[in-house]
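In what follows, a single structure is set out as structure tokens and then discussed.
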Amino acid sequence: MLLSTHSCHIKSAVLTHHQYTSPQNLFLKIFSLLLGGLFMRNTVQEHSAFRFAVQLYNTNQNFTEKPFHLNYHVDHLDSSNSFSVTNAFCSQFSRGVYAIFGFYDQMSMNTLTSFCGALHTSFITPSFPTDADVQFVIQMRPALKGAILTLLTYYNWEKFVYLYDTERGKSNPFYLFLLSCHFLLLCRVQWAHLVLP
């Protein structure tokens, strides 16, 4: 009985030594990055897309295109509960994640962006961009206000229709009001330039 227990320890020690000395495992150990994922409970498709993107990256055989291996840990949160958002972010941070990928809505945006700034952790999001420039938050979607105002000015449009999805409309209804105020101000300034000598 003592001999078999002793041999199990030797086998596990040899196996452990082999795992850390094989070139592939050594590469994965040294060049691995841990990403965090924060997803709302109802974003199943987005979570699947995230998993697929990480898997696609990790299975790429070209080492020049893939300088490191990605690992990830995902937390699901309830955005209406600020404790849930705080707990999920702190859970990710305590794991030592390199960056956090996720979504925010109007209820969780301030909490997440505050934590990113305070803890210097990058948050990568395809959510609609905030109007303020927030440090450590990488927006995958561009801000639209400047582009729309430039388009209206360039074509001298006096009337336009702005279509938006329900998520953007619910998350920031003041955005449309601000956009219309900028447009009216822009039209008045151009009209004043035409009238004045």
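Taking the numbering used here, the leading residue of the sequence shown gets 616, the next gets one more, and so forth. Beta carbons are placed, not taken as given, at the ideal position from N, Cα and C, and that holds for glycine.
Alpha-carbon to alpha-carbon, residue j and residue i
i: L643; j: C705; result: Note on L643: pLDDT 49, under 50, position unreliable in the model; no value is reported.
i: T726; j: V700; result: 7 Å
i: A692; j: L653; result: The identity of residue 692 in the sequence shown is Leu, whereas the question assumes Ala. Distance between the alpha carbons of L692 and L653 is about 7 Å.
i: K774; j: G761; result: 17 Å
i: Q670; j: N677; result: 14 Å
i: T674; j: R666; result: 12 Å
i: M655; j: L764; result: 32 Å
i: F738; j: S697; result: 17 Å
Neighbourhood of residue i by C-beta distance below 8 Å, restricted to the same chain and skipping five residues each side
i: T740; result: F716, G717, F718, Y719, V752, I753, Q754 and M755
Own chain partners of residue i with C-beta closer than 7 Å, once the 5 adjacent residues on each side are dropped
i: T658; result: F718
i: S647; result: F683, H684 and N686
i: D708; result: The sequence shown places Phe at residue 708, not Asp. Excluding sequence neighbours, F708 sits near L734 and T736.
Residue i CB to nearest heavy atom of the ligand GDP below 6 Å
i: L766; result: With respect to the ligand GDP, the structure offers nothing, as it holds no ligand at all.
CA nearest to the CA of residue i, picked from the options
i: A714; options: N686, Q676, P757 and Q660; result: N686
i: V689; options: Y672, F698 and A664; result: A664
i: G711; options: Y672, L734 and Q721; result: L734
i: P757; options: Y672, F743 and N696; result: F743
Per DSSP, cross-strand counterpart(s) of residue i
i: L648; result: L685
i: Q754; result: T740
Beta-carbon contacts of residue i that lie in its chain and below 6 Å, excluding the five residues immediately before and after
i: S694; result: M655, D720, M722 and S723
* **Uninterrupted beta strand (DSSP E) stretches inside the region 650-705 (no shorter than 3 residues)** => As for any beta strand (DSSP E) of minimum length 3 sitting wholly inside the region 650-705, the runs are 684-692, ordered along the chain.
* Considering only residues of the region 709-737, which uninterrupted alpha helix (DSSP H) runs meet the minimum length of 4 residues and lie entirely inside it, listed in chain order? -> Taken in chain order, the whole alpha helix (DSSP H) runs of length 4 or more contained in the region 709-737 are 724-734.
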